[in-house]
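Beneath this line is the structure, given in structure tokens, with notes to follow.
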Amino acid sequence: NVTLFQVSIKIDNYVHCGGAIISPSEVLTAAHCVTNGNPYTYTVVAGSLTWKNPDNNLFVERQVMH
Numbered sequence: 001n002v003t004l005f006q007v008s009i010k011i012d013n014y015v016h017c018g019g020a021i022i023s024p025s026e027v028l029t030a031a032h033c034v035t036n037g038n039p040y041t042y043t044v045v046a047g048s049l050t051w052k053n054p055d056n057n058l059f060v061e062r063q064v065m066h
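All residue numbers in the sequence shown are consecutive under UniProt numbering, ending with 66.
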């Protein structure tokens with residue numbers, strides 16, 4: 001996989017935005033992608049070309065807007 005740093009950010013199991021892995025526990029995305037303020041609404045898919053596989057879902061614990 002040549003896009004190891006890329007992730008999909010999903011809401012209700014649909015791709016909402018993309019992001020980039022910037023550390024083992026952090027993803028960077030645009031602020032408009034996380035405007036609802038509830039990190040538990042989102043799931044992140046990393047390391048897969050198939051975003052529909054639930055085995056690849058990572059759950060968001062917190063978000064920081066800058």
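Here a beta-carbon is modelled for each residue, glycine too, at the ideal position from N, C-alpha and C.
Next on the checklist: Give me the DSSP bridge partner(s) of Leu28.
Outcome noted: Ala20
Checklist entry - From Ile9 to Gly19, what does the alpha carbon distance come to, in whole angstroms? => result 7 Å
Item to check | Among Val7, His16 and Leu58, the one whose alpha carbon lies nearest that of His32 | outcome: His16
Item to check | C-alpha gap between Thr41 and Ser48, whole angstroms | outcome: 21 Å
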